[in-house]
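*Asks:* First the structure, which I've put down as structure tokens, then a few questions once you've had a look.
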Amino acid sequence: MRKVYIDNAATTPLLAEVREAMTPYLGDVFGNPSSLHDWGNTAREAVEASRAQVAQLIGASADEIIFTGSGTESNNFAIKGLGLVQQAKGKHVVVSAIEHFSVLHSARTLEKWGFELSLVPVDKNGVVDPEDVRRSLRKDTVLVSIMHANGEVGTIEPIKEIGKVTKERGIVFHTDAVATAGTIPVDVQELGVDALSLAGNQFYGPQGVGALWLRKGVRIVPLLDGGVQEGGRRAGTENVPAIVGLGKAAELAKANMTARMEHLTRLRDRLLTELPAKIDHVVVTGHRQNRLPGNASFCVEFIEGESMLMLLDSQGVAVTSGSACTSRALKASHVLIAMGIPHELAQGSLLFSFGIHNTPEDIDYALEVLPPIVDRLRQMSPLYAKFIKASKGGS
Amino acid sequence: MPVYSEKVMEHFMNPRNVGEIENPDGVGEVGNPICGDMMTFYIKVKDNRLEDVKFKTFGCGAAIAVSSMVSEMAKGKTLEEAMKITPRSVADELEGLPKQKFHCSNLGAQALNKAIQDYLSRKKRGGGKE
Numbered sequence: 039m040r041k042v043y044i045d046n047a048a049t050t051p052l053l054a055e056v057r058e059a060m061t062p063y064l065g066d067v068f069g070n071p072s073s074l075h076d077w078g079n080t081a082r083e084a085v086e087a088s089r090a091q092v093a094q095l096i097g098a099s100a101d102e103i104i105f106t107g108s109g110t111e112s113n114n115f116a117i118k119g120l121g122l123v124q125q126a127k128g129k130h131v132v133v134s135a136i137e138h139f140s141v142l143h144s145a146r147t148l149e150k151w152g153f154e155l156s157l158v159p160v161d162k163n164g165v166v167d168p169e170d171v172r173r174s175l176r177k178d179t180v181l182v183s184i185m186h187a188n189g190e191v192g193t194i195e196p197i198k199e200i201g202k203v204t205k206e207r208g209i210v211f212h213t214d215a216v217a218t219a220g221t222i223p224v225d226v227q228e229l230g231v232d233a234l235s236l237a238g239n240q241f242y243g244p245q246g247v248g249a250l251w252l253r254k255g256v257r258i259v260p261l262l263d264g265g266v267q268e269g270g271r272r273a274g275t276e277n278v279p280a281i282v283g284l285g286k287a288a289e290l291a292k293a294n295m296t297a298r299m300e301h302l303t304r305l306r307d308r309l310l311t312e313l314p315a316k317i318d319h320v321v322v323t324g325h326r327q328n329r330l331p332g333n334a335s336f337c338v339e340f341i342e343g344e345s346m347l348m349l350l351d352s353q354g355v356a357v358t359s360g361s362a363c364t365s366r367a368l369k370a371s372h373v374l375i376a377m378g379i380p381h382e383l384a385q386g387s388l389l390f391s392f393g394i395h396n397t398p399e400d401i402d403y404a405l406e407v408l409p410p411i412v413d414r415l416r417q418m419s420p421l422y423a424k425f426i427k428a429s430k431g432g433s
Numbered sequence: 010m011p012v013y014s015e016k017v018m019e020h021f022m023n024p025r026n027v028g029e030i031e032n033p034d035g036v037g038e039v040g041n042p043i044c045g046d047m048m049t050f051y052i053k054v055k056d057n058r059l060e061d062v063k064f065k066t067f068g069c070g071a072a073i074a075v076s077s078m079v080s081e082m083a084k085g086k087t088l089e090e091a092m093k094i095t096p097r098s099v100a101d102e103l104e105g106l107p108k109q110k111f112h113c114s115n116l117g118a119q120a121l122n123k124a125i126q127d128y129l130s131r132k133k134r135g136g137g138k139e
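Protein sequences, first through last, are from chains A and B.
So the first sequence is numbered by the numbering used here: it starts at 39 and just counts up by one.
So the second sequence is numbered by the numbering used here: it starts at 10 and just counts up by one.
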């Protein structure tokens, strides 16, 4: 059976060049970067080289990069650390309604610790209006966090414009760039942010490693106390092989970005056009133009996402869904709900996220196997039966 | 995605008794698309036995497997026997359901029960078939 992986928003495969770069650090080169001997020096040099590579990817300087264990950790660190460090100044934070849970739930934790939280809404395409951010600001607002792009619906947010608003007011501005860093151009100076999260497994680096970029002079409270690793801001022995892999992945992403984007955009645009043409009652979610190059997200009416996923999986096609059934919390995607998509439609969410390994043949195959699956589930669906009856009986 | 038992997967991939019954003796509808699952059961009753059971389901893999299993368990049973089908007995027949999916199985037995109640109340009204 053909196997097609179109779930790169969940995690990207590790590139062979990245694996090769990592291999020595899983073997003979095992030193602790904090050690003051040859073994330590070699490991430290590798970590610092990676720091420079990551910094170059986002137009930053190397000493502003803090390595973490994941995008989730970077986001937790930013929200809690940048909030707590400023609590004498104010206790109000602003995030968008469609943030990743690692931002949203961290902000909720700040609430439990006595902060106040404002959620900025999005429009039907998932776009944050910078004026809504402005309106949410108060005298005691100390932190704004808006994601660079939403991995679930692909919408890219107007970070530059929002950055102007926060800069006017002198408020610290963080962006979760996990979905964008290494995928589309990200330049921290151009974006006008003060802190930015990224993760290795979103651009063909290893899982279990991320970074937080923090503008020089911006203070933060560490999440992890211990030694003086990462300038005392993130204690714990560094994950050297993963950090080396992240650096290599960053270097490759920067070198190949334009070609990768063109490839992904072609695949994305084809599916965005051909899937709704092939299957009735399918809605494209997210912004049509300001969109991640690899993201093709839909809602399929009258059926539920998990059953689509399982049947697609049985045909070798791996995708994801934001339906309630696929989430452990049994709640439909907060992103789709915030965009005003009705619950029953959100249940039919289906996300294809392309990677550089995908080919036009992968789309051919997905477009071949999906229509019978949708048809089969619709034949089983009481909602579809009602719709058919209503359209036959009605006007 | 939760890991389903082989039995759940088998029923999900090959669901039994999918469809509607024309002029059913009872219909039971439960759930709503907001929580994720919706099931409609149709029954045909002859001599106090479930001569035919069919269903339509909107929902996850577990919901579809549960519907299929309930229809299979109920078919041919007397009304009294069929009303004894519980979420627990359905889950057991399916060789277990993931914890967070157990609510789905509640719906299957409940929908069947509702269809039987519908039949009984129709009979009481003396209409029998509508």
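In this text, a Cβ means the ideal position worked out from N, Cα and C, and glycines have one as well.
Note that this is a predicted model, so its numbers are computed, not measured.
1) Name the one or two DSSP bridge partners that Arg-304(A) has.
2) Quick one: what does DSSP say His-212(A) is sitting in, helix, strand or coil?
3) Please list the partners that Pro-420(A) has in chain B, where partner means a Cβ-to-Cβ separation under 8 Å.
4) Which residues bound the beta strand (DSSP E) around Ile-104(A)?
5) For Ile-317(A), decide whether its Cβ has a neighbour in chain B, counting only Cβ atoms nearer than 8 Å.
6) Helix, strand or coil for Leu-95(A) per DSSP?
7) Determine the contact status of Pro-244(A) and Gly-283(A), defining contact as a CB-CB distance below 8 Å.
8) Determine the DSSP secondary structure at Ala-356(A), reduced to helix, strand or coil.
9) Among Val-27(B), Lys-53(B), Ala-71(B), Gln-119(B), which residue has its Cα nearest to the Cα of Phe-12(B)?
10) Compute the Euclidean distance between the alpha carbons of Gly-378(A) and Asp-170(A), then round it to the nearest angstrom.
11) Can you tell me the Cα-Cα spacing of Met-131(B) and Lys-41(A), whole angstroms?
12) Who are the near neighbours of Phe-50(B) in its chain, counting only those whose CB is closer than 6 Å to its CB and skipping five residues on each side?
13) Under the rule that 16 or more other beta-carbon atoms within 10 Å means buried, what is Asn-46(A), buried or exposed?
14) For the alpha helix (DSSP H) holding Met-18(B), just list the boundary residues, first then last.
15) What are the boundary residues of the alpha helix (DSSP H) that Phe-425(A) is part of?
16) Tell me, please, whether the CB atom of His-130(A) is closer than 8 Å to any CB atom in chain B?
17) Mind checking which residues open and close the alpha helix (DSSP H) that includes Thr-110(A)?
18) So, does the CB of Ser-371(A) fall closer than 8 Å to a CB anywhere in chain B?
19) State yes or no: is the C-beta of Val-259(A) within less than 8 Å of the C-beta of Asp-232(A)?
20) Of the choices Glu-102(A), Val-182(A), Gly-264(A), whose alpha-carbon is the least far from that of Arg-253(A)?
21) Measuring alpha carbon to alpha carbon, tell me which residue in Asp-46(B), Ala-118(B), Cys-69(B), Val-39(B) is nearest Leu-88(B).
22) May I ask which residues mark the beginning and end of the beta strand (DSSP E) holding Lys-177(A)?
23) State buried or exposed for Ala-54(A), treating a residue as buried only when at least 16 other CB atoms are found within 10 Å of its CB.
24) Taking just the CA atoms, how far does Ile-375(A) sit from Gly-386(A)?
25) DSSP state of Thr-296(A), grouped into three classes?
26) Per DSSP, what kind of secondary structure is Met-47(B) in: helix, strand or coil?
27) Quick one: does Phe-21(B) have its CB under 8 Å from some CB of chain A?
28) Taking only beta-carbon positions, decide if Glu-206(A) is within less than 8 Å of chain B.
29) Got a sec: which bits of the segment 281-299 of chain A sit with their beta carbon under 8 Å from any beta carbon on chain B, in order along the chain?
30) Tyr-403(A) and Val-355(A): beta carbons closer than 8 Å?
31) Can a CB atom of chain A be found closer than 8 Å to the CB of Glu-81(B)?
32) Does any CB atom of chain B fall closer than 8 Å to the CB of Glu-339(A)?
33) Mapping the DSSP letters down to three states, classify Val-166(A) as helix, strand or coil.
34) Closer than 8 Å, Cβ to Cβ, to anything on chain B: give me those residues from the segment 130-164 of chain A, in chain order.
35) Under 8 Å, CB to CB, which of the residues in the segment 378-389 of chain A have a partner in chain B?
36) Would you mind telling me which residues of chain A sit closer than 7 Å to Gly-70(B), beta carbon to beta carbon, in chain order?
*Replies:* Put simply:
1) Position 266 of the first sequence, counted from the start, is the residue given in the question as residue 304(A). According to DSSP, Arg-304(A) bridges with nothing at all.
2) Along the first sequence, one-based indexing puts residue 212(A) at 174. Looking at His-212(A) - three-state DSSP - the assignment turns out to be strand.
3) Position 382 of the first sequence, counted from the start, is the residue given in the question as residue 420(A). For Pro-420(A), the C-beta contacts it makes with chain B under 8 Å involve Glu-38, Met-47, Met-48, Thr-49, Lys-65, Thr-66, Phe-67, in order along the chain.
4) Residue mapping note: residue 104(A) aligns to position 66 of the first sequence, counting from 1. Ile-104(A) -> beta strand (DSSP E) spans 103-106.
5) In the first sequence, the residue the question calls residue 317(A) occupies position 279. So, not an interface residue.
6) Here residue 95(A) refers to the residue found at position 57 of the first sequence. Looking at Leu-95(A) - three-state DSSP - the assignment turns out to be helix.
7) Position 206 of the first sequence, counted from the first residue, corresponds to residue 244(A). Position 245 of the first sequence, counted from the first residue, corresponds to residue 283(A). Taking 8 Å as the cut-off, the beta carbon of Pro-244(A) is found closer than this to the beta carbon of Gly-283(A).
8) Taking the first sequence and counting its residues from 1, the one referred to as residue 356(A) is at position 318. Per DSSP, reduced to three states, the secondary structure at Ala-356(A) is strand.
9) The sequence position of residue 12(B) within the second sequence is 3, counting from 1. Going by the sequence as given, residue 12(B) is Val instead of Phe. Nearest to Val-12(B) by C-alpha distance, out of Val-27(B), Lys-53(B), Ala-71(B), Gln-119(B), is Ala-71(B).
10) The count along the first sequence starts at 1 and reaches residue 378(A) at position 340. The count along the first sequence starts at 1 and reaches residue 170(A) at position 132. Using only the alpha carbons, I get a separation of about 17 Å.
11) Locating residue 131(B) in the second sequence gives position 122, where the first residue counts as 1. Locating residue 41(A) in the first sequence gives position 3, where the first residue counts as 1. Met is not the amino acid found at residue 131(B); the sequence shown has Arg there. Rounded to the nearest angstrom, the two C-alpha atoms are 52 Å apart.
12) Start at 1 with the first residue of the second sequence, and residue 50(B) comes out as number 41. Here the set comprises Gly-37, Phe-64, Ala-120, Leu-121, Ala-124.
13) Your numbering for residue 46(A) matches position 8 in the first sequence. That one is buried.
14) Within the second sequence, residue 18(B) is the residue found at index 9, counting from 1. Unbroken alpha helix (DSSP H) run through Met-18(B): 15-22.
15) Translated into positions along the first sequence, residue 425(A) becomes position 387. Its alpha helix (DSSP H) spans residues 420-431.
16) Along the first sequence, one-based indexing puts residue 130(A) at 92. Output row for His-130(A): interface = no.
17) Here residue 110(A) is taken as the residue at index 72 of the first sequence, counted from 1. 109-114 is the extent of the alpha helix (DSSP H) around Thr-110(A).
18) In the first sequence, residue 371(A) corresponds to position 333, counting from 1. No, because no Cβ of chain B sits closer than 8 Å to the Cβ of Ser-371(A).
19) Counting from one through the first sequence, the residue named residue 259(A) turns up at place 221. Counting from one through the first sequence, the residue named residue 232(A) turns up at place 194. In this structure, Asp-232(A) does not lie closer than 8 Å to Val-259(A) by Cβ.
20) Your numbering for residue 253(A) matches position 215 in the first sequence. Among Glu-102(A), Val-182(A), Gly-264(A), the Cα nearest to that of Arg-253(A) belongs to Glu-102(A).
21) Here residue 88(B) is taken as the residue at index 79 of the second sequence, counted from 1. Measuring from the Cα of Leu-88(B), the nearest candidate turns out to be Ala-118(B).
22) Here residue 177(A) is taken as the residue at index 139 of the first sequence, counted from 1. Where Lys-177(A) is concerned, there is no enclosing beta strand (DSSP E), because DSSP gives it neither an H nor an E.
23) Here the question's residue 54(A) lines up with position 16 in the first sequence. Residue environment analysis places Ala-54(A) among the exposed positions, since fewer than 16 neighbouring C-beta atoms fall within 10 angstroms of its C-beta.
24) As a position in the first sequence, residue 386(A) is number 348, starting the count at 1. As a position in the first sequence, residue 375(A) is number 337, starting the count at 1. Gly-386(A) and Ile-375(A) have their alpha carbons spaced roughly 12 Å apart.
25) Within the first sequence, the letter at position 258 stands for residue 296(A). The three-state reading of DSSP puts Thr-296(A) in helix, counting H, G and I together.
26) Within the second sequence, the letter at position 38 stands for residue 47(B). Collapsing the DSSP output to three states places Met-47(B) in a strand.
27) Here residue 21(B) is taken as the residue at index 12 of the second sequence, counted from 1. Yes - at least one Cβ of chain A is within 8 Å of the one on Phe-21(B).
28) Here residue 206(A) refers to the residue found at position 168 of the first sequence. Put simply, the CB of Glu-206(A) is far from chain B, with every gap to its CB atoms at 8 Å or more.
29) Those would be none; no residue qualifies.
30) Position 365 of the first sequence, counted from the first residue, corresponds to residue 403(A). Position 317 of the first sequence, counted from the first residue, corresponds to residue 355(A). Going by C-beta atoms, Tyr-403(A) is nearer than 8 Å to Val-355(A).
31) Reading the second sequence from its first residue, position 72 is the one you call residue 81(B). It does not; no Cβ of chain A falls within 8 Å.
32) Counting from 1 along the first sequence, the entry for residue 339(A) is found at position 301. With 8 Å as the cut-off, Glu-339(A) does not count as an interface residue toward chain B.
33) For the purposes of this step, residue 166(A) is taken as the residue at position 128 of the first sequence. Coil.
34) Within the segment 130-164 of chain A, no residue has a Cβ that lies closer than 8 Å to any Cβ of chain B.
35) Those would be His-381, Glu-382, Gln-385, in chain order.
36) Against the second sequence, residue 70(B) aligns to sequence position 61. Going along chain A in sequence order, the residues near Gly-70(B) (Cβ under 7 Å) are Glu-344, Ser-345, Met-348.
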